[in-house]
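Throughout the sequence shown, residue numbering follows this note's numbering, covering 2 to 193 in sequence.
Notes to accompany the following structure.
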Amino acid sequence: MTTVSLSSFAIVLGLILAAPAVFGLTSPDKFRAVMRGFPRSNAWGYFLMLLGTAWFVHNVNQEQVADFQHYKGYLLSFFAGVGIASCIFVRDFLAVRGAAVVMLLLAKWMVDTGRPLLGESAWVLLWQTWAYVFVVAGIWLTISPWRLRDLINWATENERRIKATCGARLAFCLLIVLLGATVFRTAQASGN
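Below is the structure:
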């Protein structure tokens, strides 16, 4: 994986994940319609599953485990085939399954980026914990993707609930952006 600073990663990821929260706060009815359509969206499903497949194949290709060098080409083809076949044969809740794969890969990247700075600031532990929340969510949604539909239906039941959940997400994302701009930047400077 390309080396990226924890500070930059936190700022960018925080802003990207804050965008849906802002949308939910400013247009709750449109947000409800978009979110309720997501779990069974084929367009999002194809995009996320193919993104996850390409990302995973890239990660496997970067590995230098000697035991698998002779089989690496076969493994890469197999994994790419599984990802593409999922888009064809497992289209039910494909968007949720694709999001779960992307969450797992994002969590790996988050842990790898934050690990070197764990001793520099206790706030890095929040970043690492968030990554493990993605791991648990990714595993859970892979096993039972309909749970995201149920969670979305609950979270978008009424405007008050939409604003509460989006407000909480926005507050957390802004905390991550603030940490990226201050604490993580300072931790990186002292760690170098």
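For each residue, glycine too, the CB sits at the ideal point set by N, CA and C.
Give a yes or no on whether the C-beta atoms belonging to residue i and residue j are separated by under 8 Å.
i: residue 171; j: residue 124; result: no
i: residue 142; j: residue 148; result: yes
i: residue 1; j: residue 7; result: For residue 1 there is no data in the structure shown, the boundaries of the chain being 2 and 193.
i: residue 103; j: residue 49; result: yes
i: residue 84; j: residue 53; result: yes
i: residue 185; j: residue 11; result: yes
i: residue 175; j: residue 15; result: yes
i: residue 97; j: residue 77; result: no
i: residue 157; j: residue 33; result: yes
i: residue 26; j: residue 164; result: yes
i: residue 86; j: residue 111; result: no
i: residue 5; j: residue 114; result: yes
Which whole-angstrom value describes the C-beta separation of residue i and residue j, a residue pair presumed to lie in contact below a C-beta threshold of 8 Å?
i: residue 37; j: residue 153; result: 6 Å
i: residue 119; j: residue 126; result: 7 Å
i: residue 135; j: residue 107; result: 6 Å
i: residue 101; j: residue 139; result: 4 Å
i: residue 121; j: residue 191; result: 6 Å
Can you tell me where the alpha helix (DSSP H) with residue i in it begins and where it stops?
i: residue 67; result: That residue, residue 67, is in no alpha helix (DSSP H); it is neither H nor E in DSSP.
i: residue 47; result: 43 to 63
i: residue 143; result: 124 to 144
i: residue 120; result: Note, residue 120: premise wrong, no alpha helix (DSSP H); not H, not E.
i: residue 13; result: 7 to 27
i: residue 178; result: 160 to 182
i: residue 83; result: 73 to 90
i: residue 151; result: 147 to 156
Decide yes or no for the touch test of the region 14 to 27 against the region 57 to 69: beta carbon pairs closer than 8 Å, at least 3 of them.
-> no
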